[in-house]
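K.L.:
Residue numbers (the working numbering): 4 to 357.
From the three backbone atoms N, C-alpha and C, an ideal C-beta is built for every residue, glycine too.
The structure's right below; bear with me while I get my questions together.
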Amino acid sequence: MKILVIQQKMIGDVLVSSLICENLKLNYPKAEIHYLVNRFTIPVIENNPYIDEIVVFEDTYRSSKLKFYHFLKRIKKAKYDMVIDAYGKLESNLITLFSGAKTKISWEKTYSRFIYSDVFKNKIRSTTNAGLAIEDRLKLLKPLNLKTPLKDSPKIYLTEVEIAEAKAKLNHLGIDFLKPIFMIGVLGSNSSKSYPSNYMAEVLDHIVEVAKGQLIFNFAPHQKEEALELYHFCEKSTQNKIYLELTPTLLREFMALTYHCDALIGNEGGAVNMAKALGTPTFTIYSPWIDKKAWGSFEDDKKHTSIHLEEVKPEYYKNNSYKDLRAKSKLLYTEFKTDFVLKKLTPFITQIIA
4 MKILVIQQKM IGDVLVSSLI CENLKLNYPK AEIHYLVNRF TIPVIENNPY
54 IDEIVVFEDT YRSSKLKFYH FLKRIKKAKY DMVIDAYGKL ESNLITLFSG
104 AKTKISWEKT YSRFIYSDVF KNKIRSTTNA GLAIEDRLKL LKPLNLKTPL
154 KDSPKIYLTE VEIAEAKAKL NHLGIDFLKP IFMIGVLGSN SSKSYPSNYM
204 AEVLDHIVEV AKGQLIFNFA PHQKEEALEL YHFCEKSTQN KIYLELTPTL
254 LREFMALTYH CDALIGNEGG AVNMAKALGT PTFTIYSPWI DKKAWGSFED
304 DKKHTSIHLE EVKPEYYKNN SYKDLRAKSK LLYTEFKTDF VLKKLTPFIT
354 QIIA
């Protein structure tokens with residue numbers, strides 16, 4: 004049997020949907036599992052033993068109809084028996100249609116319902132601590148009546164070489180492994196998902212003061228100026244504990260460095276999901292317009308915990324949807340004072356360094 008799993012979009016989505024591949028392989032060990040993703044997300048699924056082949060959806064397929072058509076012909080030629088479309092957008096609708104597979108599973112949408120043999124609506128409430136993002140993906144496996152209990156915790160597979168090289172780099176730049184090491188997600192993917200720099204600086208000052216922590220900044224290359232602005236907001240004593248030379252430039256390097264950290268602290272996003280998949284404790288600061296129920300996986304207020312504005316200012320969320328609040332994110336962030344964050348962060352840090 005040949006199965007295609009589709010999950011375009013972002014790193015966190017691709018990591019979470021890799022659980023579909025894992026559960027399929029555990030139940031159909033002789034099946035050939037292919038995973039279709041965007042190229043930039045490949046690092047989070049490298050060396051995954053449950054994926055037989057990575058099918059790359061190139062950016063050029065969006066700008067060139069001819070290239071996309073040739074790609075669709077390749078999909079048709081592959082002769083898949085089953086397609087599980089966890090993306091559910093026009094591109095993946097067409098890929099599924101061209102696959103010719105008998106079993107085709109995805110999300111219920113009026114315009115694409117005719118393409119699929121089985122469709123599902125997204126859940127409204129989470130029923131486990133895995134969170135909605137994971138629960139929804141695993142729901143797509145329901146028509147298969149799988150016998151092996153479903154795995155619900157995605158994993159990242161680093162090599163021994165990657166782990167050793169990251170440790171050597173930490174040693175070379177003077178990191179003391181006898182003291183706490185924190186990976187800091189200093190910025191979100193955009194301003195509406197980034198805790199204000201002056202507030203974040205206060206958080207970092209607190210981490211250094213309380214834990215005597217050593218800090219590694221994680222940010223995208225195009226965010227360098229914003230990261231440096233945050234650095235300069237910090238107290239001098241904090242700046243002395245920030246190892247800017249260790250800022251990872253590649254995803255696999257980030258993951259290998261995070262593997263050696265005592266925790267990841269910072270803005271919600273793919274970095275948090277990767278840390279969880281590595282077994283590294285996390286403290287997440289959610290953007291005011293992001294639904295914590297979807298991505299707050301495995302939070303137990305011990306190993307993984309978080310803070311959301313809704314917890315301290317619930318009145319802002321009455322009669323407002325999360326998406327409606329996106330345009331007000333800058334204003335809402337000003338109300339998301341560091342006192343709220345530190346109240347939850349302090350016990351988290353205390354247990355990490357105990």
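1. Pick out whichever of T353, I54, L348, K80 has its Cα sitting closest to the Cα of I310.
2. Mind reading off the beta-carbon distance from I57 to Y83? Whole number of angstroms is fine, and I expect it under 8 angstroms.
3. Need the endpoints of the alpha helix (DSSP H) that N243 sits in, please.
4. State the CB to CB distance for the pair N50 and Y160, rounded to an integer number of angstroms; the pair is presumed to be in contact (CB under 8 angstroms).
5. Does L93 pass the burial test, meaning 16 or more other C-beta atoms within 10 Å, or should it be called exposed?
6. Which residue from Y325, G188, G216 puts its Cα closest to that of L233?
7. Would you be able to state if there are at least three C-beta pairs under 8 angstroms between the segment 70-89 and the segment 4-12?
8. Determine the burial state of P183: buried for a count of at least 16 other Cβ atoms within 10 Å of its Cβ, exposed for fewer.
9. Name the one or two DSSP bridge partners that S309 has.
10. Taking DSSP as the reference, what is the three-state secondary structure of T261?
11. Using only alpha-carbon positions, find the residue among N174, K158, V59, Y72 that is nearest to V275.
12. So, is the C-beta of S197 closer than 8 angstroms to a C-beta in chain B?
13. Entirely within the segment 162-201 and at least 3 residues each: give me those beta strand (DSSP E) ranges in chain order.
14. Find out if the Cβ-Cβ distance for the pair I166, Y53 is shorter than 8 angstroms.
15. May I ask you to report which of helix, strand or coil DSSP gives E238?
16. Relative to the alpha-carbon of E238, which residue among A204, A104, I45, S20 has its alpha-carbon at the smallest distance?
17. Please state if the CB of Y90 and the CB of I12 are separated by a distance shorter than 8 angstroms.
18. Could you tell me how far apart the beta carbons of L176 and L260 are, in whole angstroms, since I believe they sit closer than 8 angstroms?
19. Within 10 angstroms of the Cβ of E338, are there 16 or more other Cβ atoms? Answer buried if so, exposed if not.
20. Hey, quick one: how far does the alpha helix (DSSP H) through D121 stretch, first residue to last?
21. Drop a sphere of 10 angstroms on the beta-carbon of E271, count the other beta-carbons inside from all chains shown, and report buried for 16 or more, exposed for fewer.
22. Please list the segments of the beta strand (DSSP E) lying wholly inside the segment 67-98, counting only runs of 3 or more residues, in order along the chain.
23. In terms of DSSP beta bridges, what is T106 paired with?
24. If you draw a straight line from the C-alpha of K296 to the C-alpha of F351, how long is it?
25. Using only alpha-carbon positions, find the residue among S332, V19, N41 that is nearest to K196.
26. Tell me the rounded alpha-carbon separation between H235 and S194.
27. For F101 and N125, what's the separation of their Cα atoms in angstroms?
28. Per DSSP, which residues does A266 bridge with? Please list them.
29. Thinking just about the alpha-carbon of each residue, which of N26, D139, L328 is nearest to the one in S300?
30. Considering only the alpha carbon of each residue, which of A104, N96, K105 lies closest to E111?
31. Using a Cβ-Cβ cutoff of less than 6 angstroms, which residues in the same chain neighbour L207 once the five nearest sequence positions on both sides are dropped?
32. Just reading off the beta strand (DSSP E) that L7 is part of, what are its end residues?
33. With C-beta atoms as the reference, is V315 less than 8 angstroms away from F286?
34. State the beta-bridge partners of H225 as determined by DSSP.
P.N.:
This is what the structure gives:
1. It is L348.
2. Cβ-Cβ separation between I57 and Y83: approximately 15 angstroms, too far for a contact (criterion under 8 angstroms).
3. Going by DSSP, N243 is part of no alpha helix (DSSP H) at all; its letter is neither H nor E.
4. Sure, about 4 angstroms apart at Cβ, within 8 angstroms.
5. By the Cβ neighbour-count rule, L93 is exposed, with fewer than 16 other Cβ atoms within 10 Å of its own.
6. Ranked by Cα distance from L233, the options Y325, G188, G216 are led by G188.
7. Touching, yes.
8. Around the CB of P183, 16 or more other CB atoms lie within 10 Å, so the residue is classed as buried.
9. Its beta-bridge partners are T287.
10. Secondary structure of T261 (DSSP, three-state): helix.
11. Closest option to V275, Cα to Cα, is K158.
12. Annotation note: the requested chain B is absent from the structure, which comprises a single protein chain.
13. Every beta strand (DSSP E) of 3 residues or more that sits fully in the segment 162-201 is shown, in chain order, as 184-188.
14. Cβ distance not < 8 angstroms, so I166 and Y53 don't count as in contact.
15. DSSP places E238 in coil when its eight states are reduced to three.
16. When each option's Cα is compared against that of E238, the closest is A204.
17. The sequence shown places Lys at residue 12, rather than the Ile named in the question. Against a cut-off of 8 angstroms, the Cβ pair of Y90 and K12 comes out as a contact.
18. About 11 angstroms separates the two Cβ atoms, so there is no contact after all.
19. Exposed is the call here.
20. Not the alpha helix (DSSP H): D121 falls in the beta strand (DSSP E), residues 121-123.
21. By the 10 Å Cβ count, E271 comes out buried.
22. Residue ranges of uninterrupted beta strand (DSSP E) with 3 or more members, entirely inside the segment 67-98 and ordered along the chain, are 85-88.
23. DSSP lists M85 as partners of T106.
24. Spanning the alpha carbons of K296 and F351 requires a straight line of approximately 20 angstroms.
25. The candidate whose alpha carbon is nearest that of K196 is S332.
26. Roughly 18 angstroms separates the two Cα atoms.
27. So the alpha carbons of these two residues sit roughly 25 angstroms apart.
28. Beta-bridge pairing links A266 to F185.
29. Ranking N26, D139, L328 by Cα distance to S300 puts D139 first.
30. Comparing alpha-carbon positions, the option among A104, N96, K105 lying closest to E111 turns out to be N96.
31. C237, T241, listed in sequence order.
32. Where L7 is concerned, the enclosing beta strand (DSSP E) stretches over 5-9.
33. Contact annotation: V315 and F286 have beta-carbon atoms that are not nearer than 8 angstroms.
34. Looking at the DSSP assignment, H225 forms no beta bridge with any residue, so it has no partner.
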